[in-house]
Amino acid sequence: MSISLPDRIYAELKSQILSHKLIPASSLKIDALSQKLHASTIPVREALARLCAEGLVVQENRQGFTVRPITPKLLEDDYRTLAAIMQVGAGEAAAGIAQRTTLNASHAALARMANSEFVDELDEFLLSWVPSKRLAGLGAFCLLHCSYFFNLDFELRGEEGWRHFRRRRQRSAVALQAGKGVTAQKLIAEECEWRISNIPLVIREMLYRQLSA
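The UniProt record's numbering applies: residue 1 is where the sequence shown begins, and numbers increase by one.
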C-alpha cells in the first residue's frame with residue numbers, strides 16, 4: 001500500500017526534527033516547505049498540524065509554525081516521562097518472569113543485555129512489557145525524541161560515562177532475570193536523575209553546535 005503525500009511529508013519532517021536537521025526554535029515556513037517537498041500547501045499544513053499535536057512543532061498565532069524550542073524543563077519532562085513508562089515495563093516484566101519461569105525468550109534476552117555490548121536493547125525490551133499500547137507508544141516516542149540528547153550526553157561524559165551507564169543497565173537486566181522489579185525500577189529512576197544532572201551541559205552544547213553550524 002502506497003503512503004499518502006501528507007503521511008510522507010509528516011514522516012520526513014518528523015525525522016528531520018528528531019535528528020536535529022531542523023533545529024529547535026527554527027521557523028517552518030509553509031510556502032518554503034511546499035517548494036522544498038514538491039507539494040501544495042495543504043498536505044504540508046496537515047503534516048505540521050499532526051506534529052503540533054505531538055508536541056514537536058509549535059503554532060504561533062495560528063499562522064506560522066516553529067520547531068519546539070528545547071528548554072531544561074522540557075527536556076527534564078521528556079526524561080521523566082520515559083523513565084516512568086520504563087518503570088511500568090520493568091514491574092510487568094519482573095512479575096511475568098517471576099510467575100512464569102518458562103519464559104525462555106525473555107531470560108535469553110535479559111542474559112544478552114547483561115553483556116555490556118547489548119545494554120541498549122533494554123529500552124525496547126521494557127517497552128514491549130508495557131500493558132497499554134498507548135503508553136508503550138508514548139514511551140517509544142519519548143525514546144526517539146530523547147535519543148539525540150542521550151548521544152550528546154555521552155559525548156560530553158566520555159568513556160567513564162559509558163561505563164557507568166553500562167554497569168547500571170547490566171544490574172537492571174540481572175535484577176529482572178531474578179524477578180526483582182523494584183530493584184530494576186530504582187535503577188531506572190537513578191539513571192533518569194543521572195541524565196537530568198547533566199542537562200545544563202547538554203543544552204549548552206546543543207546551542208553551541210547550532211551557532212557554529
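Note that beta-carbon positions come from the ideal geometry of N, C-alpha and C, so glycine has one too.
Inter-residue CB distance, residue i and residue j (contact presumed, cutoff 8 Å)
i    : j    : result
A95  : G158 : No, A95 and G158 are not in contact; Cβ-Cβ is about 37 Å, not under 8 Å.
A114 : V174 : 6 Å
E76  : W129 : That belief does not hold up - the Cβ atoms of E76 and W129 are roughly 25 Å apart, past 8 Å.
Q177 : L110 : 5 Å
L144 : D123 : Not a contact, Cβ separation roughly 10 Å.
I97  : G179 : 5 Å
Closest residue to residue i among the options (Cα-Cα distance)
i    : options                  : result
E46  : D78, Y10 and Q185        : Y10
I196 : Q16, L122 and P72        : P72
G137 : V57, P24, I85 and R112   : I85
I17  : V67, D77 and S147        : V67
F165 : P200, C142 and W194      : W194
Q87  : F125, E12 and H107       : F125
P200 : D153, S147 and R163      : D153
F150 : S40, L33, N198 and E117  : N198
L51  : S106, E117 and L28       : L28
I23  : P69, P6 and L48          : P69
F65  : R112, E117, S26 and F118 : S26
R168 : C146, K133, A53 and F118 : F118
L156 : D7, V58 and R209         : R209
P131 : F141, P6, Q59 and G89    : G89
With 16 other Cβ atoms within 10 Å as the buried cut-off, status of residue i
i           : result
P43         : buried
H38         : exposed
G55         : exposed
Q99         : exposed
residue 224 : In the structure as shown, the chain starts at 1 and stops at 213, and residue 224 therefore has no counterpart that could be examined.
K21         : exposed
D31         : exposed
K14         : buried
L211        : exposed
D120        : exposed
S172        : buried
R163        : exposed
Below-8 Å beta-carbon distance, residue i vs any chain D residue
i   : result
A53 : Protein chains in the displayed structure number just one, and chain D is not present.
Touching or not, the region 203-212 and the region 181-195, by the rule of three or more beta carbon pairs under 8 Å? In this structure the region 203-212 does not lie against the region 181-195, because fewer than three pairs of beta carbons, one per stretch, are closer than 8 Å.
Note down, one range per segment and in chain order, each alpha helix (DSSP H) of at least 4 residues found wholly within the region 45-116. The region 45-116 is shown to contain whole alpha helix (DSSP H) runs of 4 or more residues at 72-99 and 104-113, in chain order.
In chain order, what are the residue ranges of uninterrupted alpha helix (DSSP H) at least 4 long that sit wholly in the region 142-210? Qualifying alpha helix (DSSP H) stretches, in chain order: 181-196.
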